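As C-alpha cells, the structure follows; a few thoughts come after it.
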Amino acid sequence: MTETPALELIDVHAAYGRIEVLHGVDLTVPRGCVVALLGPNGAGKSTTLRVASGQMPPTSGHVHLSGHHLNGADPDRLARAGLCTIPEGRGVFPNLSVDENLRLFAYTAKVGEKDIRERTFAQFPRLQERRSQLAGRLSGGEQQMLAMARALATDPALLMLDELSMGLAPLIVEQLYELVAEIAATGVSVLVVEQFARRALAVAQYAVVMVGGRVTAVGEPADIESQLSEAYLGGAA
Amino acid sequence: MSQFLAFTIIGLIAGSAYAVAASGLVLTYATSNVFNIAHGSVGMFMAFVYWELAVDRGLPPLLALVLVVGVLAPLFGLLIERFMMRKLTDAPVAVALVVTVALLVALIGAAQALWPPAGRKVDPYFNGRGLQVGDYFITAQQLITFGVAVAVAAALFVLLNRTRTGTAMRAVVDNRELLALHGARPNRLSGLSWAIGCSLAALAGVLLVPTLQLDYLNLTLLVIAAYAAAMVGRLKNLPRTFVGALVLGLLTSYAQWGVAYIPASVDQTLGGLVQGTRIALPTIFLLAVMLMLPQDKLRVGRVAGTKMPALPSWSRTLTWGAVFLAGVFVLTGSLSEADNSRFGQALCISLIMLSLVLLVGYGGDVSLCQMSFVGVGGLVVGGKLLPFVDAGITVWSIAWAFLATALLGVLVAVPALRLRGLYLGLATLAVASALDSMLFQTKFGFGAGGGSLTLERGSLLGLDLTGERAMAMSVAVAFVLMGFLVLGVRRSRYGRILLAARDSEAACATLGYNTRAVRVAVFAVSAGLAGVAGVFYTGMRVSISTADFMFFQSLPLLLFAVVGGVTTVTGVLLGGLAYGLMPVLLDQVPALAGVIYVLLLLAVLGLGGNPNGVAQLLFGWGNRLRAALPRQLDLARIEKGEVVGAS
C-alpha cells in the first residue's frame, strides 16, 4: 500500500446527539480494491459510511479521500469529486420516473444524459421497459438496479454501497454482486457494507469487521470468515 | 351568442390570472412539501411594492415590473426559503400551516404599516387599447394576462419535466439527502423554486391589481381561487391545475352572466344570498372538487411524535380552576365597569381559543374559520339563525349554538378529511370567506350587505347578567367548565386515539380505529365549542357585526393561541388575554397595529412553530421551582416501602 488509499478513516468518532456510536474507527480502502465492511446490527457500519460520504460530521478524527483531508465537506461536493454513495434502502427517488432518475445522474457523470441511458439500459434491459414508470412502483430488485446504475454510469473513483442485499431475493443479490465485481474490475475502489457477509466476502480483497462502534478485525476474506460467527454471536454484546 | 362569447372570454381571462397564481403555488408545494397559504399575500405585498415604484416613485411601468417580478419577489422567496420553509419540509402539517399563516398575517400587517389605507390606483397596461370581438372589447391588459398565463404554464411544464434542474427540484422533496449524494445542491434548488414561486405570486398580483384594486384582503384571498384550481391536480399536477383554473374562471364568469337574469324580486327574497353565492364560488368549487377526488391512501411511515406538556391531575385541575375563579372574582371586584367589559372580552377570546385546544393542540388539525363558528353562535343567541331559538342567553340557546355550529363543522370536515389534514386547513379558510358572503352578509345573518346585531343580556339560570362584572364572571365560569370538558376529553379513550392518530394515522388505523370519524367528531365538537363561546362573546360585546367575523379574524386568533400554547388550557388563557387586550394597547399607540402582526410572525418563528408555546416555558420554570423547594417526606409511604430514598 504505497499509493495513497482511495479512502482512509483515522480514529473517527461520531455521535447522534450525546450518544457516541463510533469510538475511534480506523479504516482503509486501498486504491482499486474491494473492501467489505461487516458486522452485526448496530455495529456502526452505516454511520461509518455516513461520515465517509459527508452526510454526518465526525466529532473527531480524520477522513481522507484520495489523500485529501475532507472533514466537514458537503456530501454534494464529495459526490462531484467522484464519490458515489448508494445509501441503505433503495437509493432512488420514488416519485420520479426511471428516466428522470437517470437524468439526475448527470450531476456527477462525465458523459451526457443520452450515454447514461444507453449504458444503463445495456446493463439492465428491464429498466428500459419501465423507463416511464415511477421508480417507487418498481420491484425492490429493479429499484436496486436503478440505484446501482448510478455507479455504472458515472465512473466514480470510489463506490460505497450500504446493505446492497437488504430485502432482495438471493438471485438478484447474486446479479448485483456480479455487477459490483465488474465495476471493481474497471479500477473503481469499492467499499461494501453488509450484514450478511458471505456474498460480500466473495468479491472483496479485504474485510473489516466492526462490533459496537469499533473495528475488531481486519484481514483477508478467508481469515475473517472463520472469525465472523464469534463477532456476530459472541462479541456483539 | 355574442354574450356567450363575451362571458367566455372574460372567464378565460379570469382563469388565466388564477392559473398564474396557482402554478406558483403548485411549484413551491411540489418542490418543498410546504403549502404556502401566504402565496396570495406575497402577491398582495408585491403589488403594493409595484404601486410604490411605478405610481408613487414614477418609474416606467415596465422597469417597475421587472424590478418587482424579477428582483424583489425572488429575493423575498430566497429569504423565506432560508429562514422559514427549509425547516418546515419535514414538519407536521399543522406547524407548516401555522407558520405560513403567520407569514400571511405579517405581510398584511407590514403592508398596512407601510401603506396605510388610502385611495391608491394602478392603471392597466396600454390603458384604453385593446381588441374588439363582436360586441365585446378585450383590453390589452386582459390579452397580456392570458398570454402570460399560457407562457408561464408552458415554461413551468418544460422546466419541471424536461430539464435536469426542474427534475432535481422535484427530487428535493422525495429525498434531500439522496439528491446531495447525486451531487446536486438541494438548498440552492429549494431556493430557486421559492424564488420562482414568489415571482409568480408577484406577477399574478401585479396583473390583477387593476381589477381587484390595491386591497390587503382581496389580493390575499386570491390564494383561495388558486388552491381551489390546484386541487384539481391535487396541488401537484401543473396541467390539471391550469385546466382547473380555466374551469373556475369560466364558472365565475357564467355565474355573473346568470345572476343578471335572476329577477329582482327573487334576489330581494333571498336577501343577498345570490350575490354571496357568486362571490363564494371558488369555495364551492373547492369543496366540490374535494368531494370528487378519490379517497386518499393512508400514509405509512410518517410519525410525528410531538411532545406535549404533562396532563395535570384532576385534583390539580380542580384546584387551579377554583383559584382562577377566585382570582377573577377579586379582580373584577376592583375594576371599573369599562375595564370589566374589556377584561371580559379578552377572556372571551381565551374561551374561543379553548375550542382550538381540542382540534389543533390534541388533534393536530388546523381550523382557519373558528371566528366564523363564533359568529354562527352569535347569530343563534341573537335569535337570527334558528326560528325556534329566541334572542337571549339561555341554556336552550347555548345548546342550539353548540348543535348548529357542530353540524356546520361536520359539513366542512367531511369532504376535507376524506383526503388529508392539509386540505382541512385549506377548506376552512375557504369556508371562512364563504360564510362571510353567504351567511353574515345576507338577511339570514346580519342583513343583506352586512350589518350588526344587538343582544339584550337578560339572565342565565336566575343570575342577572346585565352588569359587566356579572357577565365577565359568567365567561370565567364558562372558561373553567369548558376547560374541564377539554381536559376530560384528553383523558378519555377518545383523547388517546386523537393523540395517537396525530402521531401516526396509519399505525392507529391498523389498530382498528376509524381515525377519520374521530377527527371529524373532534372538528365538530371544536366548532360546537366555538359556537358556545360565540354566545358569551356576543353577550360580552352586546353588539356584534359582520366585521367581527371576517375570514381574517380567525388567523390572529390561531396564531395567538399557538404562541400562548394551544396544547394547554393555561396556554390559551395567556394567548387569549394577550390578543384580547391588544386593542387596549393599540388605543394608546395606534401605529403599532401592523407591527404587532409582524412581531407575531417572529414569535411563531422563534418558537419554531412549536404549538406548546409560551405556556411550556412557564411550566418548565414552575417545575424547576418545585424541584428546588424542599419536599415533604411522605413517611407513611416510606414505611410501606413504596418510596425508596425519597428526597
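In order, the protein sequence lines correspond to chains A and B. First residue of the first sequence: 1, per our numbering; consecutive thereafter. First residue of the second sequence: 1001, per our numbering; consecutive thereafter. Note that CB positions come from ideal geometry on N, CA and C, so glycine has one too. Only a predicted model underlies this, so the values are computations on that prediction, with no experimental measurement involved.
Under 9 Å between C-beta atoms, does A/Cys33 make it to chain B? With 9 Å as the cut-off, A/Cys33 does not count as an interface residue toward chain B.
How would you list, in chain order, the residues of chain B whose beta-carbon sits under 9 Å from the beta-carbon of A/Glu142? Simply none; closest approach about 17 Å.
Please classify B/Pro1294: is it buried, with 16 or more other beta-carbons within 10 angstroms of its beta-carbon, or exposed? Counting every other CB atom within 10 Å of its CB across the protein chains shown gives B/Pro1294 a total below 16, marking it as exposed.
Can you check whether the C-beta of A/Ile224 is within less than 9 Å of a C-beta belonging to chain B? Closer than 9 Å to the CB of A/Ile224 there is not a single CB belonging to chain B.
N-terminal and C-terminal residue of the beta strand (DSSP E) that B/Gly1447 is part of: That residue, B/Gly1447, is in no beta strand (DSSP E); it is neither H nor E in DSSP.
Which residue comes first and which comes last in the alpha helix (DSSP H) that contains B/Tyr1254? 1238 to 1260
Closest Cβ-Cβ distance between B/Ser1647 and chain A: below 9 Å? A caution first: B/Ser1647 carries a pLDDT of 38, below 50, which makes its placement in the model unreliable, though a value can still be read off. Output row for B/Ser1647: interface = no.
Chain B partners of A/Gln55, CB-CB under 7 Å? Glu1177
Would you give the residue range spanned by the beta strand (DSSP E) that A/Leu9 belongs to? 7 to 16
Go through its chain and collect everything with a Cβ distance to B/Trp1051's Cβ below 8 Å, but skip five positions before and after it. Trp1115, Arg1120, Val1122, Val1209, Leu1214
Which residues DSSP lists as bridging A/Cys84, in chain order: Listed as beta-bridge partners of A/Cys84 by DSSP are A/Leu159.
DSSP three-state assignment for B/Phe1126, whether helix, strand or coil: coil
B/Val1604 versus B/Leu1351: straight-line alpha-carbon distance, rounded: Taking the straight line from one Cα to the other gives about 21 Å.
Measuring only the C-alpha atoms, how far is B/Met1438 from B/Val1412? 14 Å
Classify B/Arg1626: buried if its beta carbon has 16 or more other beta carbons within 10 angstroms, exposed otherwise. exposed
Which residues DSSP lists as bridging B/Tyr1136, in chain order: B/Val1133
Let me know if B/Glu1456 comes out buried or exposed under the rule of 16 or more other beta-carbons within 10 Å of its beta-carbon. exposed
Which one or two residues does DSSP pair with A/Met210 in a beta bridge? A/Val215
Neighbour flag for A/Gly91 against chain D, beta carbons, 9 Å: The structure shown has no chain D; the protein chains it does contain are A and B.
List, from N- to C-terminal side, the alpha helix (DSSP H) runs of 4 residues or more that fit wholly inside the segment 1005 to 1062 of chain B. Taken in chain order, the unbroken stretches of alpha helix (DSSP H) that lie wholly in the segment 1005 to 1062 of chain B and span 4 residues or more are 1039 to 1051.
For B/Leu1156, which residues of its own chain have a beta-carbon under 7 Å away from its beta-carbon, when the five flanking residues on both sides are left out? Ser1023, Leu1027, Leu1238
Please report the straight-line C-alpha distance between A/Ile224 and A/Ala43, rounded to a whole angstrom. 16 Å
Under 9 Å Cβ-Cβ, which residues of chain B neighbour A/Ala79? Ala1180, Leu1181, His1182, Gly1183, Ala1184
Go to A/Ser97, then tell me how far its alpha helix (DSSP H) extends in each direction, as first and last residue. No alpha helix (DSSP H) holds A/Ser97; DSSP gives it neither H nor E.
Once you ignore the five residues that flank A/Glu20 on each side, which residues in its own chain have a CB closer than 8 Å to its CB? His13, Ala14, Thr59, Gly213
So, for B/Gly1262: in the same chain, excluding its five sequence neighbours on each side, which residues have a beta-carbon less than 7 Å away from its beta-carbon? Checking the sequence, you will find Ile at residue 1262 of chain B rather than Gly. Excluding sequence neighbours, B/Ile1262 sits near Val1274.
Which of helix, strand or coil DSSP assigns to B/Asp1390: coil
Around the Cβ of B/Trp1314, are there at least 16 other Cβ atoms within 10 angstroms (buried) or fewer (exposed)? exposed
Less than 9 Å between the C-beta atoms of B/Gly1575 and B/Phe1560, yes or no? yes
Please state whether the Cβ-Cβ distance between A/Leu38 and A/Met210 is less than 9 Å. yes
Tell me where the beta strand (DSSP E) around B/Gly1363 begins and ends. No beta strand (DSSP E) contains B/Gly1363, which DSSP labels as neither H nor E.
Cβ distance (whole Å) where B/Leu1097 is taken to contact B/Gly1364 below 8 Å: Not confirmed; about 10 Å, so no contact.
Where B/Val1566 falls: helix, strand or coil (DSSP): coil
My output table needs one value for A/Glu20: the three-state DSSP class, helix, strand or coil. strand
Taking the straight line between their C-alpha atoms, what separation do you get for B/Gly1564 and B/Gly1613? 5 Å
Residue of B/Tyr1423, B/Thr1317, B/Leu1200, B/Ala1113 minimising C-alpha distance to B/Leu1592: Of the listed residues, the one whose Cα sits closest to B/Leu1592 is B/Ala1113.
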